Structure formats: structure tokens, C-alpha cells
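Here the structure comes first, spelled out in C-alpha cells, and everything after it is commentary.
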Amino acid sequence: MALFLSRFDNKVDGKGRVSVPASFRADLTSDTFAGVVAFPSPNTNGAVDACDIDRIRQLSDGIDSLNPFSDDYGDLATAILTKSHRLPFDTAGRILLPEPLLAHAGITTMATFAGRGGTFQIWAPGAYEAYEVEATERARDQAAQFELQRRDSTGAGT
Numbered sequence: 076m077a078l079f080l081s082r083f084d085n086k087v088d089g090k091g092r093v094s095v096p097a098s099f100r101a102d103l104t105s106d107t108f109a110g111v112v113a114f115p116s117p118n119t120n121g122a123v124d125a126c127d128i129d130r131i132r133q134l135s136d137g138i139d140s141l142n143p144f145s146d147d148y149g150d151l152a153t154a155i156l157t158k159s160h161r162l163p164f165d166t167a168g169r170i171l172l173p174e175p176l177l178a179h180a181g182i183t184t185m186a187t188f189a190g191r192g193g194t195f196q197i198w199a200p201g202a203y204e205a206y207e208v209e210a211t212e213r214a215r216d217q218a219a220q221f222e223l224q225r226r227d228s229t230g231a232g233t
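Encoded structure:
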């Protein structure tokens, strides 16, 4: 299972290519696809959500579990799957961010990669910094309510 941690700022070249952090690339190569799947974040304005191919399959399976004729199914399929891009690594470990993703995030010359556990986001650095301040403030308020699930020696939750 992929685990994306930390924050990295990388240069974006004139063609929209950006180097994916090496620690992220290690979790983004599978037998079926070496690269990133990315889509405009449906719940964080200005961010691009990104993950490995296995995670997007999990999201697709979750969407497929909904009634295929419901608004929920149509909305999630449109917001996530229709707007997803498979972005393979080039020989230098870079991906080519397509124009719709660059425009959505307002990315020009730099991109911030922000780890979020099983996924990560790609932002314009200034937008990420503003988001990080707000998220940190909200997290302080939520921290008192957060409890870690205890695990027994077999890894099962208690």
C-alpha cells in the first residue's frame, strides 16, 4: 500500500513537466502502470488529487457499488473518473501535467506535492501555503476529538 508523506516543491518546465518526488515515485510503480493518476480535487478548490493506479481502481470500485442510475454515481464518476489522467513517468521521473490540471490548480513555474497518506495533492505553492494554514487551524480544533484505533498483535482493530 502506498504511503505518501511530507511536502516537496518542484520546478515545472515550459511544457508542463514536473519531477515527482523520489519517495513518491517508489510507491507509484506497479506491474501494470508506472506513473500517477491525477484529477481535479472535487473537495479542495485549487488542488489536484493524485494517487497510484491501485487507489484509483479502489475509487472506481466504490463508485461502481452505487446505483448506476443514481445522481451520486453520475456525480462521482464525472468528478473523479471522467476527469482523471494517467500520467506515466518519463525516463527522468517526470510527469506531464495536462493543461486542464495546470489551469485548475493555477500551477505555472512551481508545483507543491503534499503527501496525504494513501494519496497526495499537487498545488500551486502559494495556494497550498494558504490551505495549510487553514487546515492546521481546523486540525487543532479536531485534535481533541481524534482517537487512534487500537490494534491488537494480529493487526485487528479493537
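Here the sequence shown stands for residues 76 to 233, where the numbers follow the numbering used here.
Cβ coordinates follow ideal geometry from the N, Cα and C atoms, glycine included.
These numbers come from a predicted model, not from an experiment.
query                                                                                                                   : result
Exposed or buried, which one is LEU176 when buried takes at least 16 other CB atoms within 10 Å?                        : buried
How long is the line joining the alpha carbons of PHE195 and PRO96, rounded to whole angstroms?                         : 11 Å
Where does VAL87 sit, in a helix, a strand or coil, going by DSSP?                                                      : strand
Any idea which residues DSSP pairs MET185 with across the strands?                                                      : LYS86
How about ALA186 and PRO200: do their beta carbons lie closer than 9 Å?                                                 : yes
When DSSP labels each residue in this structure, what does GLN196 get in the three-state scheme?                        : strand
Excluding sequence positions up to five away, which residues of its chain have a Cβ less than 7 Å from the Cβ of PHE99? : PHE79, PHE188 and PHE195
How many Å lie between THR153 and ALA210 at the Cα?                                                                     : 26 Å
Classify ASP124: buried if its beta carbon has 16 or more other beta carbons within 10 angstroms, exposed otherwise.    : buried
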